[in-house]
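Just so we're aligned, residue 1 is where the sequence shown starts under full-length UniProt numbering, counting upward by one.
No residue lacks a Cβ here, since even glycine has one placed at the ideal position from N, Cα and C.
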Amino acid sequence: MKGDFLTGVVCRFCLDPLCYSAWLPCRMRDSDEFRFGGCTETAAGGARSHSPTAGTCGSSPIPDIAVAVARYRDRVLSVRGLTKVYGGRRVVDDVSFELRPGTVTAFLGPNGAGKSTTLRMISGLTIPDAGEAFVAGRPFTRWPNPAHVAGVLLDAAAVHPGRTGRGHLRNAALLAGLPTRRVDEVLSLVGLGDAGGKRIAAYSLGMRQRLGMAQALLTNPPMLILDEPINGLDPEGIRSVRQLLRGYAERGGTALLSSHVLSEVDQTADRVLVIGSGRIVADGPLSELTTSHRSLVRAPDMNRLASVLAAAGIAVQPAANGHLAAHASVDRVSEITFNAGVRLLGLAQESIDLEDLFFRLTGESA
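Spelled out as structure tokens, the structure:
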């Protein structure tokens, strides 16, 4: 029997807390019997019967990301027309996008743009006024055990300060039906291996962020939803999170994270979603969004260069470091100048700084 934690089968008969704490369904490949932590459901002639079991699935291994990804190769998250109104103001306005496996997507926007509200609606913590979000094919809260489908970090402060970090994660592991050995694995993974025995009240903001990351990673889920995951981290912590997310994506995981630290997004994300005044104002691969349609060109005779390009119908304007910015591709500029016999000292596609792009799209400083 193999663990199949995305079957979505829910025991409707057993109210035993132990059964619900092991909410990890397993499917027997050659049978129509579905087992849970404390019960078995068997389909017979369209009817279902229920009987307790020895809790086979309560000791199920930690799921592999690849198992989950294989079930929905095309998209992990589908957001369609999410809208939320507070006090007559649309804080999120018709937001739609999809995420595919193996990517890190940065969700950018100024304060009040609707980032956190969007993440809360995706996670089922805020009810949208319109639209819907599907995580692995269904609303997040409709999964028997959502923690096995997506790891969520929205508020690092939402933990009991009197518990130890290890105790907090042990409770989460029990609720997810995981072996408690996983707790020390994720504590070590986020750099809290030596601090697991400390009470959370003594944790710094950065340590609480790490604890939240550990909980999000506890089930080794196929998706992560993270709100400002590097907030409060020191440079080493930021570097660790960056490496963790890149490794996670390389294994097939999908991460959606909001951030205002644009330099880190630049080094971490494959794709950028920019939200301003509740609406998506840019969406695409980072390489495309930060690539200009202009070429930067320099020549010994800049006046002749400008004249040749202008004669070919290409608009030019002065740029930094003695270059001309030509509104044409590198190949087009190269062809024109070669045919005109203009010698060049430099020619390259212009790149847009991510902070400049952010400012231009949202009208806010980064």
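Which residues share a DSSP beta bridge with residue i?
i    : result
F107 : S258 and L273
E98  : S78
I122 : Paired residue(s): none; I122 is not in a bridge.
I280 : I275
T164 : R199
L324 : V297 and P318
R138 : V135
G253 : Paired residues: none, contrary to the question.
P285 : R271
R89  : Y86
According to the neighbour-count rule (16 or more other Cβ atoms, all chains shown, within 10 Å of its Cβ), is residue i buried or exposed?
i    : result
A54  : Caution applies to A54, whose pLDDT of 35 falls short of 50 and renders its modelled position unreliable; the value that the coordinates give is listed next. Looking at its Cβ environment, which holds fewer than 16 other Cβ atoms inside 10 Å, A54 is exposed.
S96  : exposed
P318 : exposed
I127 : exposed
E228 : buried
D30  : Residue placement at D30 is flagged as unreliable, the pLDDT there being 29, under the threshold of 50; the coordinate-derived value follows with that caveat. Label assigned to D30: exposed.
Q267 : exposed
H50  : Note that H50 scores a pLDDT of 40, beneath 50, so its modelled location is shaky; the value from the coordinates is reported in the next line. With fewer than 16 other Cβ atoms within 10 Å, it is exposed.
L153 : buried
N220 : buried
D353 : exposed
D93  : buried
F338 : exposed
P110 : buried
P139 : exposed
S263 : exposed
If residue i and residue j are in contact, beta carbons under 8 Å, what's the gap, nearest whole angstrom?
i    : j    : result
V272 : V265 : 7 Å
L217 : F107 : Not confirmed; about 19 Å, so no contact.
A156 : L224 : Rounded, the Cβ-Cβ distance is 14 Å, inconsistent with contact.
A294 : E350 : The sequence given here places Arg at residue 294; Ala does not occur at that position. R294 to E350, Cβ: 4 Å. Contact.
R100 : R120 : With a Cβ gap of about 22 Å, R100 and R120 do not count as contacting.
Q215 : A172 : 5 Å
M213 : V183 : With a Cβ gap of about 14 Å, M213 and V183 do not count as contacting.
S78  : E98  : 5 Å
L361 : G284 : Not quite, the Cβ-Cβ distance comes to about 12 Å (not below 8 Å), so this is no contact.
L187 : G196 : 5 Å
D234 : G278 : 33 Å between Cβ atoms; not a contact.
T290 : T103 : About 17 Å; that fails the 8 Å criterion.
T117 : V85  : About 10 Å; that fails the 8 Å criterion.
A328 : I314 : 5 Å
Taking the beta strand (DSSP E) that residue i falls in, what are its first and last residues?
i           : result
E350        : G346 to S351
Y86         : L77 to Y86
A133        : A130 to V135
P318        : V316 to P318
residue 396 : Because the chain in this structure spans residues 1 to 366, residue 396 falls outside the shown range and cannot be described.
L224        : M223 to D227
residue 385 : Missing from the structure shown is residue 385; the chain here goes from 1 to 366 and no further.
L189        : Taken as a continuous stretch (DSSP letters only), L189 belongs to no beta strand (DSSP E), being part of the alpha helix (DSSP H) at R181 to L189.
L305        : Looking at the DSSP string, L305 is not in any beta strand (DSSP E); the run it does join, the alpha helix (DSSP H), is M302 to A311.
L153        : G151 to L153
In the DSSP assignment, find the unbroken alpha helix (DSSP H) run with residue i in it and report its ends.
i    : result
V333 : V330 to A340
A216 : L205 to L217
L244 : P235 to E250
L361 : L354 to T362
Any beta carbon from chain D within less than 9 Å of residue i's own beta carbon?
i    : result
Q215 : Reference to chain D is not applicable here, since this structure consists of a single protein chain.
When the Cβ atoms of the region 133 to 142 are set against those of the region 159 to 175, are three or more pairs found closer than 8 Å? These segments do not touch.
Three or more beta-carbon pairs under 8 Å between the region 325 to 341 and the region 301 to 311, yes or no? Yes, the region 325 to 341 is in contact with the region 301 to 311.
Are the region 339 to 350 and the region 295 to 306 in contact at 8 Å, needing three or more beta carbon pairs? Output reads yes: the region 295 to 306 touches the region 339 to 350.
So, do the region 163 to 181 and the region 236 to 246 have three or more beta carbon pairs nearer to each other than 8 Å? No: fewer than three Cβ pairs fall under 8 Å.
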